[in-house]
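Colleague: Chains as they are written, first to last, in the UniProt record's numbering: chain A, 1 to 296; chain B, 1 to 296.
Note that CB positions come from ideal geometry on N, CA and C, so glycine has one too.
Every value quoted in this text rests on a predicted model; they were computed, and no experiment measured them.
Protein chains: 2
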Amino acid sequence: MELRHIRYFLAVAREGNFTRAAARIGIGQPPLSQQIRDLENEIGTALFHRVPHGAELTEAGTAFLEVVAPFPDLAERAIRAAQRAGRGEVGSIRVGFTASAAFSPSVPRVFRDFRRSYPGVEMTLEEANSAQLVAGLRDERLDAVFLRQDTIAGDGIRLHVISSEPMVLVLPSGHPAAQREKVALSELRDEALILTPRAVGPTHYDKVVSACRDSGFEPQMGQIAPQLGSVINFVAAELGFSLVPKPMTQLQAKGVAYREIEGEVPIAQLSLAYRSNDISTALRNFVSRTLAAHQS
Amino acid sequence: MELRHIRYFLAVAREGNFTRAAARIGIGQPPLSQQIRDLENEIGTALFHRVPHGAELTEAGTAFLEVVAPFPDLAERAIRAAQRAGRGEVGSIRVGFTASAAFSPSVPRVFRDFRRSYPGVEMTLEEANSAQLVAGLRDERLDAVFLRQDTIAGDGIRLHVISSEPMVLVLPSGHPAAQREKVALSELRDEALILTPRAVGPTHYDKVVSACRDSGFEPQMGQIAPQLGSVINFVAAELGFSLVPKPMTQLQAKGVAYREIEGEVPIAQLSLAYRSNDISTALRNFVSRTLAAHQS
DNA sequence: AAGTAGCGGATATGGCGCAGTTCCATCGTT
DNA sequence: AACGATGGAACTGCGCCATATCCGCTACTT
């Protein structure tokens, strides 16, 4: 028995007449009659009573109909499911990001845009620090991550720098320097520098320290902030100053002022890193769209 | 797409290897490869990754598998359902019977035997008097009935007499005649005769009245019993006597004695009547087995 | 009542396309 | 170099469909 037989059977069952069923299917009445006869021979019982005005289902035909009626739709559904999967319209991807990456407007936009374009793909988001994200890629717990570093080591892992943003100073709002729109880094040579631990974000850490050194002074290490939000809070508490990527200025807090840097401005890169071995179609789509969104 | 494609796909998915799958199916590896290729072309996406040691499902292949995996079983189930229906192993029949017919041991045996042989057939049983049963056949509310009459009028209704049973006397156990094993009907010429109304069972009524007349007396009509059980109760109350088919002796009651009739014994026929137009296979089986059971 | 037309299913025949066989090439692994 | 696995090419036989026609039944007309 083939799906062809089932399609022919269903057509006759619906029309109650071989001639009309044949016309609907697009073949002649004699081959349709023969195909139904072949099916009845294979099953071993008649599916139709032939009557002068057409054909009526037998009890066997009724029982058969009840089971095979869904077949054409199921077949179509199988094809559609395969096509959607082949286009990456279903599946799942696990995406990580650092806190500061999330403040880049393009990152939430990429999430929003991808979700809208591929509603059938289950996208899981996870915030973590850079070290954790890299470990997650290596351990295959994450498929792609947004982070602020411009190189990554690891087999089967690719990284693309997708944007660069200038850093800005974060000062207590009562600080004398905060009265001006631009502040030279060297003015803060006597202030404590607040940073997250190097181990959680080495690239950012090194860039900030280098920027201070390039301005002619060795930074005085201040309070260690466990995470980015803490940096802002400590500055608000007048424990010192810091440097953050410009999009962080969205994080407003009482007692905190953001100021552009006078002179050479350190740059923070935003990168997309992802697993490139056995990449799923959904992930490939995600990466393509992310890179495309950052090309102009 | 045909079931053949699905069967071939499932074989490769299970074996992970075209060569072994082909061997399992019973065709060569090249035509299997071509058939899968045709399927992939029709769907428009690859279902397998070809790798050096065989083939692995793609995401599209996995999605396709999830939908089509049940197809072979469903196809088999459809064939089986049609075959069972064709053999009358499923369906429903509605059978009626009179109270006295139910006392014939063969009637419950037919019910028991049919239920065991065709567990998939839903058999509904209904007790009613003869007139109601005949009306039920005519109205197509019943498919077959056991009743005590030897003719029936009605288009599309057939009747077979399946057994004959002698009638016996039902007497109050204190009655002088009850002291003997055999009693002549004429001994009861002065006693009241208890019967069910003629309208509910004309054949039985007429036979009993004829038997009395053949014994030389006109019966004195006694209490009218609404149903058969009432007849026994009235006799126990010493309101008179009656005649019933011999199997009724199973209905024992205090104050009641059954006695064989001396002389000519009236006979009660048990018949099966059924609808014969558009007879279902299940009903045909029921009738066949009932007639076969009563042939020896 | 008989004859005819129309409708519908089934049989017979022929042809084309498809599925399977056979042989062999290519690639990757051992 | 040998082996295992997939896929291409040539060939053959079978199956599905088209076409012609027959048969049975019903309805209509004479």
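Who are Ser271/B's beta bridge partners in DSSP?
Modeller: Leu147/B and Val161/B
Colleague: Can the beta-carbon of Thr290/B be found closer than 7 angstroms to that of Leu272/B?
Modeller: Yes; because the gap between Cβ atoms is below 7 angstroms, this pair is in contact.
Colleague: Run through chain B and tell me which residues come within less than 8 angstroms of Arg189/A, C-beta to C-beta.
Modeller: Result: empty, since nearest Cβ-Cβ is about 57 angstroms, beyond 8 angstroms.
Colleague: What residues of chain B sit near Glu66/A, judged by a beta carbon separation below 8 angstroms?
Modeller: Ala81
Colleague: With a cut-off of 7 angstroms, does the C-beta of Gly26/A fall near any C-beta of chain B?
Modeller: no
Colleague: Suppose you measure from the CA of Ile162/B to the CA of Ala63/A; what does that come to, to the nearest Å?
Modeller: Using only the alpha carbons, I get a separation of about 33 angstroms.
Colleague: In whole angstroms, what is the alpha-carbon distance linking Gly156/A and Asn277/A?
Modeller: 5 angstroms
Colleague: Is the shortest distance between the beta-carbon of Ile279/A and the beta-carbons of chain B less than 7 angstroms?
Modeller: no
Colleague: Could you check where the alpha helix (DSSP H) with Ile43/A kicks off and where it finishes?
Modeller: Gln29 to Ile43
Colleague: Please name the residue in Phe111/A, Glu42/A, Ala257/A and Ser33/A whose C-alpha comes closest to that of Glu181/A.
Modeller: Ala257/A
Colleague: State yes or no: is the beta carbon of Ile43/B nearer than 7 angstroms to at least one beta carbon in chain A?
Modeller: yes
Colleague: For the beta strand (DSSP E) containing Thr249/A, name the first residue and the last one.
Modeller: Here Thr249/A belongs to no beta strand (DSSP E), and DSSP marks it neither H nor E.
Colleague: Comparing the C-beta of Leu57/B with each C-beta of chain A, is any distance below 7 angstroms?
Modeller: Not an interface residue.
Colleague: Comparing C-alpha positions only, which one of Leu169/B, Val265/B, Gly174/B and Ala293/B sits nearest to Leu193/B?
Modeller: Leu169/B
Colleague: Give a yes or no on whether the minimum CB-CB distance between Ala69/A and chain B is below 7 angstroms.
Modeller: no
Colleague: For Gly154/B versus Glu126/B, is the C-beta distance shorter than 7 angstroms?
Modeller: no
Colleague: What residues in its chain sit with their C-beta under 8 angstroms from that of Arg138/B, if we drop five residues either side in the sequence?
Modeller: Listed in chain order, the non-local C-beta contacts of Arg138/B below 8 angstroms within the same chain comprise Gly154 and Ile157, local neighbours out to five positions each way being set aside.
Colleague: Considering only residues of the same chain and omitting the five flanking positions on each side of Leu133/A, which have a CB-CB separation below 6 angstroms?
Modeller: Gly96, Val145 and Leu147
Colleague: May I ask which residues mark the beginning and end of the beta strand (DSSP E) holding Thr203/B?
Modeller: In the DSSP annotation of this structure, Thr203/B is not part of any beta strand (DSSP E); the continuous alpha helix (DSSP H) holding it starts and ends at Pro202 to Asp214.
Colleague: Report yes or no: do the region 69-80 of chain B and the region 30-49 of chain B share at least 3 C-beta pairs separated by less than 8 angstroms?
Modeller: Contact between the region 69-80 of chain B and the region 30-49 of chain B is absent, because fewer than three Cβ pairs lie under 8 angstroms.
Colleague: According to DSSP, Met167/A sits in a beta bridge with which residue or residues?
Modeller: DSSP output for Met167/A lists Pro245/A as bridge partner(s).
Colleague: Just tell me which of Gln295/A, His294/A, Phe286/A and Ile261/A has its CA closest to the CA of Phe111/A.
Modeller: Phe286/A
Colleague: Determine the chain A residues that contact Leu3/B at a beta-carbon separation under 7 angstroms, and present them in chain order.
Modeller: Met1, Glu2 and Leu3
Colleague: Using a Cβ cut-off of 9 angstroms, which residues of the region 84-114 of chain A contact any Cβ in chain B, in chain order?
Modeller: Within the region 84-114 of chain A, the residues whose Cβ lies closer than 9 angstroms to some Cβ of chain B are Arg84, Ala85, Gly86, Arg87, Gly88, Val90 and Gly91, listed in chain order.
Colleague: Flag this pair as touching only if the region 222-232 of chain A and the region 195-203 of chain A have three or more C-beta atom pairs under 8 angstroms; answer yes or no.
Modeller: yes
Colleague: Under 7 angstroms between C-beta atoms, does Ala11/B make it to chain A?
Modeller: no
Colleague: Report yes or no: do three or more beta-carbon pairs, one from the region 52-62 of chain B and one from the region 7-17 of chain B, lie closer than 8 angstroms?
Modeller: yes
Colleague: Can you tell me whether Asp206/A is buried or exposed? The criterion is at least 16 other CB atoms within 10 Å of its CB, across all chains shown.
Modeller: Exposed is the call here.
Colleague: Evaluate Gln149/A with the Cβ neighbour count: other Cβ atoms within 10 Å of its Cβ, from every protein chain shown; 16 or more gives buried, anything less gives exposed.
Modeller: buried
Colleague: Can you tell me whether Gly86/A is buried or exposed? The criterion is at least 16 other CB atoms within 10 Å of its CB, across all chains shown.
Modeller: buried
Colleague: Suppose you measure from the CA of Gly201/A to the CA of Ala184/A; what does that come to, to the nearest Å?
Modeller: 24 angstroms
Colleague: With distance defined between alpha-carbon atoms, name the residue in Ala135/B, Pro105/B and Ser92/B nearest to Pro245/B.
Modeller: Pro105/B
Colleague: Give a yes or no on whether the C-beta atoms belonging to Gly88/A and Ala282/A are separated by under 7 angstroms.
Modeller: Cβ atoms of Gly88/A and Ala282/A: closer than 7 angstroms.
Colleague: Could you tell me whether the region 257-267 of chain B touches the region 218-227 of chain B, using the rule of 3 or more Cβ pairs below 8 angstroms?
Modeller: Look at the beta carbons and you see the region 257-267 of chain B not touching the region 218-227 of chain B: under three pairs across the two are nearer than 8 angstroms.
Colleague: At which residue ranges does the region 44-105 of chain B contain complete alpha helix (DSSP H) runs of 4 or more residues, listed in the order of the chain?
Modeller: 59-68, 71-86 and 99-103
Colleague: Output, in sequence order along the chain, the residues in the region 164-178 of chain B whose CB is closer than 7 angstroms to any CB in chain A.
Modeller: Listed by position along the chain: nothing, the set is empty.
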